[in-house]
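Numbering (mature numbering (1 follows the signal peptide of the UniProt record, and there is no 0)), first residue to last: -17 to -1, 1 to 825. Reviewing the structure listed below.
Structure (structure tokens):
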């Protein structure tokens, strides 16, 4: 009667306090939609439609694991996968109460209590404690002899899902059947019944299968293999003195005294009649925490009497099991009624809107005054004044407001600033009106969180990095960094490359600011990269900053030099040598696509200069004679020139010049293929006529001979010492041959050198007049020719393909490094093989 009254009062209490009730099946995935609290609650009916958008819902945080989530719009979802078996006990309605705070803007309005019933599904199959049991029958056993089998347990909570049906699988002629009956705790007891006597000499063992199938949809099953041997067996189960023990217990009961002693008897002898006591698997786990069973004596003791104040009724199922094989057992029920005799202190339960842990709430620094922070509920089950409670806090920033009987909400009283103080500690005190009054306190902690109000800033406006070309992918370039004074996500930075204008940028940046390459770099294609990096924080709203990045590619010696002149390989060059001609022959030119020291070129001979007749300037590439040239030096030379750079490792190229040398012992240089095309000088033919006319006039004037002799003596000129003078007409003929030369007049240097020649034979001076060598040319003729040097322009020997002009007022050659082929100021065309020729700009 007392139990029934408690159940009725409990149901009536639920009906009066629960606002909404929903159902959800277990094992649904996290985030499963359950219901719309806002739509189902009649609370919104009292709110104007224009103000309904200001209403927000938020679930109060629980100390236990949070099972459900409530959105601001009032949608109810699961927060994790629900397992009814771990959340609730057998044969009890499985539900949870969720408290939802309803606010208008940030002002508290109401607390809704939502009851969510967790419906069981058939997710467990019946399970036997063993896969196989061995039982024995005696051949003297009569028809109707029974043997017990272990039953199966289905951990599902629902009645239908945990309802088990058993079926015996056997051969048609085997003399056994299965008997099933329910025990007091709802578990079935299984027995094998002997249908007819056994004859061990005919058959001494049998193998049967017991199939346990639950009532779920679809049903699940398991199998117990039963091996029967024909012997004597334990055939009596323990029997309790009474099936139900109903005990009334005071909360002040001593732990050393047993609550109750249960007993059972067994008619078997030996181990088959020895009884042990155990709690049935159907006994609630919470009851096992409060009570302890002595398995030898059947005594039940109280473990924690201080925690029994909130317990009114405990239901225990005790199993008596004998020592047979398999053992036989029976069940007795023990009901324990707890009578409370204490004045207990109030129990404080705090639920935060937003929390880090059980006793720490988090609020933003821009929270408004009056905002709802926590819901406080106090419970005290004492009777009379012992159960009347009042609560208070003492703090200048926060205030506790009463919501009715034993319910409060914690709100913000004054503005807060995280930079001034980021953490508050509050002591909540609740006191009942008993004699003496009992007080409970709860220490609360409130953490003020930062808002994103500081922009990230790069440590530099421009980051400059140096790297090498030809490195592998993912080669590190450098690190950029920025700072942000915000905390949490507002201070967590992520970096990006800003390559809107350069989609093919060969770099990548990690979220931490490390820049590396996405491909091998080539300085000859791109020597400097300029782009921007972008940093943003993870705050809401996100703030950002940009900086410039300059990556300069350092050169590596990865390009070999190449000849631009000569432009073909091999190159044919004809050279005519005269004793008083220039020593320079030609100029080699080369280029290198690298820069710096890697493009500093040096020229030299590779092979072919066996006589050491030729020399080359290492830096200008000027090829010249290295010594005096003799008649026997004439001939063909296969000269292989080498050009190398100054890089590491050094790279080089070669070219071949097929040089044909003609040596003449004439004193005037016989040059080929030269045309004076400058408009700034007097015509050559006219100049020759004027000189010839001047010579004839001066020959007629004999008096000038004496004056010229005196002038030569004064200037220290030396006459040529020879034998007899050649006739005058022979000297004149020689002059006319030279002036009519299509190449041009002798330059002043050759003329002066002729006047100061060392002593030579007649054959050396006048090889063309070996038969007429009686006379020497008058000195006046040579002086006349000397005075004509200012009207002539000197030239040097060139090849049959190119002519190079050299004026007396500029250096013969200068060091020149040609630009790489990509230079727009020069145009290069391939001249065959591995050489290039420079094409003059138009």
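Think of the CB as a built atom: it goes at the ideal place given N, C-alpha and C, for glycine as much as any other residue.
**Q.** Cβ shell of residue 495 (< 8 Å), same chain only, five flanking positions each side left out
**A.** 478
Q: Count the C-beta pairs between the region 58 to 73 and the region 97 to 115 that are closer than 8 Å, then say yes if the count reaches three, no if not.
A: yes
(Q) Taking the straight line between their C-alpha atoms, what separation do you get for residue 834 and residue 93? (A) Outside the modelled stretch of the chain, which goes from -17 to 825, sits residue 834, for which no answer is possible.
Q | Simplified DSSP assignment, three categories, for residue 525 | A | coil
Q. Exposed or buried, what is residue 613 when buried is set at 16 or more other beta-carbons lying within 10 Å of its beta-carbon?
A. exposed
**Q.** Same chain, Cβ closer than 8 Å to residue 588, five either side skipped, listed in chain order
**A.** 597, 599, 622, 623, 624, 625
**Q.** When 146, 132, 278, 358 are compared against residue 308, the one with the closest alpha-carbon
**A.** 132
Q. Using the beta-carbon count (16 or more within 10 Å), is residue -1 buried or exposed?
A. exposed
Q: Within its chain, find whatever has a CB closer than 6 Å to the CB of residue 2; leave out the 5 residues flanking it on each side and keep chain order.
A: 95, 96
Q) Between which two residues does the beta strand (DSSP E) carrying residue 5 extend? A) 3 to 8
Q) Which two residues bound the contiguous beta strand (DSSP E) that contains residue 520? A) 511 to 520
Q.
In the DSSP output, what is residue 282 paired with across the bridge?
A. 244
Q: Starting from residue 214, trace the alpha helix (DSSP H) both ways and give me its first and last residue.
A: Looking at the DSSP string, residue 214 is not in any alpha helix (DSSP H), and its letter there is neither H nor E.
Q) With burial defined as no fewer than 16 other Cβ atoms inside 10 Å of the residue's Cβ, what is the status of residue 506: buried or exposed? A) buried
(Q) Starting from residue 143, trace the beta strand (DSSP E) in both directions and tell me its first and last residue. (A) Residue 143 -> not in any beta strand (DSSP E); alpha helix (DSSP H) instead, spanning 142 to 145.
**Q.** Those residues which DSSP pairs with residue 618 across a bridge
**A.** 644
Q. Given that a residue counts as buried once 16 or more other Cβ atoms are within 10 Å of its Cβ, and exposed if not, what is residue 450?
A. buried
Q.
For residue 200, tell me which candidate among 106, 671, 279, 178 has the shortest Cα-Cα distance.
A. 106
Q | At least three beta-carbon pairs within less than 8 Å, the region 324 to 333 to the region 417 to 430 | A | yes
(Q) According to DSSP, is residue 840 part of a helix, a strand, or is it coil? (A) Because the chain is modelled from -17 through 825, residue 840 falls outside the range shown and cannot be assessed.
Q: Go through the region 180 to 204 residue by residue and report every complete run of the beta strand (DSSP E) that reaches 3 residues or more, in order.
A: 188 to 197
Q. How many angstroms separate the CA atom of residue 18 from the CA atom of residue 85?
A. 16 Å
Q) Is it the case that the Cβ atoms of residue 354 and residue 89 are separated by a distance below 8 Å? A) yes
Q | Rounded C-alpha distance that separates residue 31 from residue 87 | A | 12 Å
Q) Below 8 Å, can you find three or more Cβ-Cβ pairs linking the region 431 to 440 to the region 512 to 525? A) yes
**Q.** Buried or exposed (CB count within 10 angstroms, at least 16 for buried), residue 389
**A.** buried
Q: Kindly indicate which three-state DSSP category residue 822 falls into: helix, strand or coil?
A: At residue 822, the pLDDT of 30 sits below 50, so the modelled position is not reliable and the matter cannot be decided from this model.
Q.
Within 10 Å of its beta-carbon, does residue 59 have 16 or more other beta-carbons around it, so buried, or fewer, so exposed?
A. buried
Q.
According to DSSP, simplified to helix, strand and coil, what is residue 671?
A. helix
Q) Is the region 229 to 247 in contact with the region 181 to 196, if contact means three or more CB pairs nearer than 8 Å? A) no
Q. At which residue ranges does the region 25 to 104 contain complete beta strand (DSSP E) runs of 3 or more residues, listed in the order of the chain?
A. 38 to 42, 51 to 53, 58 to 61, 78 to 87, 90 to 102
Q | Spatial neighbours of residue 475 in its chain, beta-carbon cut-off 7 Å, leaving aside the 5 residues before and after | A | 520, 521
Q) Can you name the residues that DSSP bridges to residue 107? A) Answer is none; residue 107 lacks a bridge partner.
**Q.** Where residue 277 falls: helix, strand or coil (DSSP)
**A.** coil
Q.
Tell me the residue span of the beta strand (DSSP E) that contains residue 344.
A. 343 to 347
Q) What's the gap between the Cα of residue 272 and the Cα of residue 299? A) 12 Å
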